[in-house]
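Peer 1: To convert, count from 1 in the sequence shown and add 6; that's my numbering.
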Amino acid sequence: MTLLQKGLLRLLGVARLAQAPDLRGARILAVQVAGMGDFLLAVPALRALKAAFPGARVDLLTSARAARAAQGCPYLDAILSMEARGFQGNLSPLRWREALPLIRRVRRAGYALALNLIGLYTPQGAVRMGLLLRSLGVPLLAGRDTLGMGTFLHLALEETLEAPRNERDSNLALVRLLGAEDPQGGRLETWPTSEEERRAGELARGPAGAGPLVGVNPGSDRPEKAWPESSFRQVMEALRRERGARFLLTGGAAEGALTARLAGAMGEGALDTVGRISFHGTAALLRRLDLFLTTDTAALHLAWAAGAPAVALFRTENLGRYRPATERIACLTGPEDGQGALRIGAGEVLRACRAQLDRAARKPGA
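Structure below.
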């Protein structure tokens, strides 16, 4: 942490409150300028707020991308989005000119509480979040005080990185400080429409063959979370050879070229779904799979929400914060190789995929 960052965090500092006020009927602004997967991990906390505080209005301030994931959420009264080009990533400055109209709107809304549902993992990120939250004119700020950097929070959940909790559980612990408990025990949710369900069923019937239906999400928007394309292809070829597997390739628009190459390599037994189904529709698609192989992306949290059996590939240092709390998802870890990709052997991944398929086959009625 630089001297400037220390000084700014000191200037942003406020006195801590011993307990939260009564928030029944209050206007609450949940703030999570992050990704689509991060939003899914915040849903149980949002549900807890709505259950605990009758008459409260809960709005969300998030990134334009995550706003798509929030559509249809029954625990939100409104979604405010900001173009996060200047807010995403640990090294990007917040572009205040672009944010000013939104800040003015929030200041006029009369929120009683702003709740930051994301950790403060870098000094620059902490300063940026502190400046944003203090600029909103909300009298009470709550959030996660990661490594003591949340000086600007009136109510804070202290957290370290030595034994990190899953992001979902950290968010639930935070709202618990406010007096809110999730009535559904932390269950993740998605909200596909009937049309999205229909589309998912149509796509699931696409790949030719009669073997198990395997979803593969090979991309990542962060290079350090990526696994080599050749390794994905090696595992897919083995599953097709051994099990007659059929494949559905999933991902975002940026991974379209990658998923198209892998689908093409598998021939008529594979279908590329990129651009053909929505975010919540993908959750409906995952419920129809026998197995899902994915990197550590939003798709992993969709699989958790959908209850899909899966194998997930993690950087070792990310496992504590993002490991799904379900036995249906096997998590493999590895460090980066010299080119920045995950170093996990294809043989290890293939063994995990076989085990998941065998486990599903042994279940009654399978």
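Cβ atoms here follow ideal geometry from the backbone N, Cα and C, with glycine treated the same way.
1) Could you give the DSSP three-state label for F45: helix, strand or coil?
2) Based on Cα-Cα distance, which residue from L126, R171, L55 and M42 lies nearest to A72?
3) Quick check: what's the CA-CA separation for Q11 versus R360?
4) Just to confirm the assignment, what range does the beta strand (DSSP E) spanning S87 have?
5) Closest by CA to E230, which one among A186, V241, T322 and T288?
6) Should L209 and L277 be called a contact, given that it needs their Cβ atoms to be closer than 8 Å?
7) Could you spell out the range, first to last residue, of the beta strand (DSSP E) harbouring E164?
8) Per DSSP, which residues does N223 bridge with? Please list them.
9) So A162 packs on G149, CB below 8 Å; how close in whole Å?
10) I need the DSSP call for T265, collapsed to helix, strand or coil.
11) Run through the DSSP bridge pairs and tell me what G199 is partnered with.
12) Should A54 and D188 be called a contact, given that it needs their Cβ atoms to be closer than 8 Å?
13) To the nearest angstrom, how far is the alpha carbon of R16 from that of Q190?
14) DSSP state of Q11, grouped into three classes?
15) For V280, which residues of its own chain have a beta-carbon under 8 Å away from its beta-carbon, when the five flanking residues on both sides are left out?
16) Hey, quick one: how far does the beta strand (DSSP E) through S69 stretch, first residue to last?
17) Tell whether a beta-carbon distance below 8 Å holds between S176 and A352.
18) With a threshold of 16 other CB atoms inside 10 Å of the CB of S200, please say whether the residue is buried or exposed.
19) Could you say which of P341, P60, T8 and V39 lies nearest to L29 if we only look at CA atoms?
20) Measuring alpha carbon to alpha carbon, tell me which residue in S69, A76 and A70 is nearest L52.
21) In angstroms with no decimal places, state the Cα-to-Cα distance between E248 and P107.
22) Residues in its own chain within less than 6 Å of E165 by CB, not counting five upstream and five downstream?
23) Quick one: give me the first and last residue of the beta strand (DSSP E) that L121 is part of.
24) Once the 5 residues before and after A358 are set aside, which same chain residues still bring their CB inside 8 Å of it?
25) Looking only at DSSP bridge pairs, what is D188 linked to?
26) Taking all protein chains shown into account, decide if D393 is buried (16 or more other Cβ within 10 angstroms of its Cβ) or exposed.
27) Hey, A118 and R182 are a contact pair by Cβ (cut 8 Å); roughly how many whole angstroms apart?
28) Taking a contact to mean a Cβ-Cβ separation below 8 Å, would you say L356 touches V241 in this structure?
29) Looking only at its own chain, which residues have a Cβ that is under 8 Å from the Cβ of E235, when we skip the five neighbours before and after it?
30) What does a CB cutoff of less than 7 Å around F285 pick up in its chain, not counting 5 residues either side in sequence?
31) Who are Q362's beta bridge partners in DSSP?
32) Would you mind working out which of G19, A132, V220 and V39 sits nearest L297, comparing C-alpha positions?
33) Please look up how many angstroms separate the CB atoms of I124 and D227, rounded, as I've assumed it's under 8 Å.
34) What do you reckon, are the CB atoms on L18 and R113 nearer than 8 Å?
35) Use the C-beta contact count for E274: other C-beta atoms within 10 angstroms, 16 or more gives buried, fewer gives exposed.
36) DSSP has Q77 in a bridge; who is on the other side?
Peer 2: To lay it out plainly:
1) In the sequence shown, counting from the first residue as 1, residue 45 sits at position 39. Of the three classes helix, strand and coil, the one that applies to F45 here is helix, per DSSP.
2) Along the sequence shown, one-based indexing puts residue 72 at 66. Ranking L126, R171, L55 and M42 by Cα distance to A72 puts M42 first.
3) If you number the sequence shown from 1, residue 11 lands on position 5. If you number the sequence shown from 1, residue 360 lands on position 354. One C-alpha to the other measures close to 49 Å.
4) The residue given as residue 87 occupies position 81 in the sequence shown. From DSSP, the beta strand (DSSP E) with S87 extends over A84 to M88.
5) The residue labelled residue 230 in the question sits at position 224 within the sequence shown. E230 has its Cα closest to that of T322, out of A186, V241, T322 and T288.
6) Translated into the one-based positions of the sequence shown, residue 209 becomes position 203. Translated into the one-based positions of the sequence shown, residue 277 becomes position 271. Result yes, Cβ atoms of L209 and L277 sit closer than 8 Å.
7) Taking the first residue of the sequence shown as 1, we reach residue 164 at position 158. E164 -> beta strand (DSSP E) spans L161 to E165.
8) Your numbering for residue 223 matches position 217 in the sequence shown. For N223, which the question treats as bridged, DSSP gives the partners T300.
9) Residue mapping note: residue 162 aligns to position 156 of the sequence shown, counting from 1. Residue mapping note: residue 149 aligns to position 143 of the sequence shown, counting from 1. With 8 Å as the limit, A162 and G149 qualify as a contact, their Cβ atoms being about 6 Å apart.
10) On the sequence shown, position 259 is the one that residue 265 refers to. It is helical.
11) Here residue 199 is taken as the residue at index 193 of the sequence shown, counted from 1. A small fix is needed here, since residue 199 is Thr in this sequence, not Gly. Its beta-bridge partners do not exist; DSSP assigns none.
12) Counted from its first residue, the sequence shown places residue 54 at position 48. Counted from its first residue, the sequence shown places residue 188 at position 182. Closer than 8 Å, so yes.
13) Position 10 of the sequence shown, counted from the start, is the residue given in the question as residue 16. Position 184 of the sequence shown, counted from the start, is the residue given in the question as residue 190. Whole-angstrom Cα-Cα distance: 39 Å.
14) Taking the first residue of the sequence shown as 1, we reach residue 11 at position 5. Three-state DSSP puts Q11 in a helix.
15) Numbered from its first residue, the sequence shown carries residue 280 at position 274. Excluding sequence neighbours, V280 sits near L255, T256, G257, G258, A259, E261, G262, T265 and A266.
16) In the sequence shown, the residue the question calls residue 69 occupies position 63. Residues R63 to S69.
17) The count along the sequence shown starts at 1 and reaches residue 176 at position 170. The count along the sequence shown starts at 1 and reaches residue 352 at position 346. No.
18) Position 194 of the sequence shown, counted from the start, is the residue given in the question as residue 200. Classification of S200: exposed, given that the 10 Å Cβ count is below 16.
19) Start at 1 with the first residue of the sequence shown, and residue 29 comes out as number 23. Looking at the Cα atoms, P60 is the closest of the given residues.
20) Along the sequence shown, read from residue 1 onward, the residue named residue 52 stands at position 46. The residue with the shortest Cα to Cα distance from L52 is A76.
21) For the purposes of this step, residue 248 is taken as residue 242 along the sequence shown, with counting starting at 1. For the purposes of this step, residue 107 is taken as residue 101 along the sequence shown, with counting starting at 1. E248 and P107: Cα-Cα distance of roughly 57 Å.
22) By one-based count along the sequence shown, residue 165 stands at place 159. Excluding residues within five positions, the ones whose Cβ falls inside 6 Å are R150 and T152.
23) Taking the sequence shown and counting its residues from 1, one reaches residue 121 at position 115. It spans L119 to N122 - the beta strand (DSSP E) in which L121 sits, taken as one unbroken run.
24) Position 352 of the sequence shown holds residue 358. So the list reads V317, A336 and L338, once near-sequence residues are dropped.
25) Numbered from its first residue, the sequence shown carries residue 188 at position 182. DSSP lists no partner for D188.
26) Outside the displayed span of the chain (7 to 372) sits residue 393, for which this structure offers no information.
27) Taking the first residue of the sequence shown as 1, we reach residue 118 at position 112. Taking the first residue of the sequence shown as 1, we reach residue 182 at position 176. So it is not a contact: roughly 18 Å between Cβ atoms.
28) As a first step, residue 356 is located in the sequence shown; it is residue number 350 there, counting from the start. As a first step, residue 241 is located in the sequence shown; it is residue number 235 there, counting from the start. Cβ atoms of L356 and V241: closer than 8 Å.
29) In the sequence shown, counting from the first residue as 1, residue 235 sits at position 229. Answer for E235: P224, L264, R267 and L268, listed in chain order.
30) Stepping through the sequence shown from its first residue, residue 285 is reached at position 279. Closer than 7 Å at Cβ, skipping near neighbours: M42, R74 and A75.
31) In the sequence shown, residue 362 corresponds to position 356, counting from 1. According to DSSP, which records beta bridges pairwise, Q362 is partnered with nothing at all.
32) Taking the first residue of the sequence shown as 1, we reach residue 297 at position 291. L297 has its Cα closest to that of V220, out of G19, A132, V220 and V39.
33) Taking the first residue of the sequence shown as position 1, residue 124 is located at position 118. Taking the first residue of the sequence shown as position 1, residue 227 is located at position 221. Not a contact, Cβ separation roughly 16 Å.
34) Position 12 of the sequence shown, counting from 1, holds the residue named residue 18. Position 107 of the sequence shown, counting from 1, holds the residue named residue 113. Cβ distance not < 8 Å, so L18 and R113 don't count as in contact.
35) Stepping through the sequence shown from its first residue, residue 274 is reached at position 268. So E274 ends up on the exposed side.
36) Translated into positions along the sequence shown, residue 77 becomes position 71. Partner(s): none; Q77 has no beta bridge.
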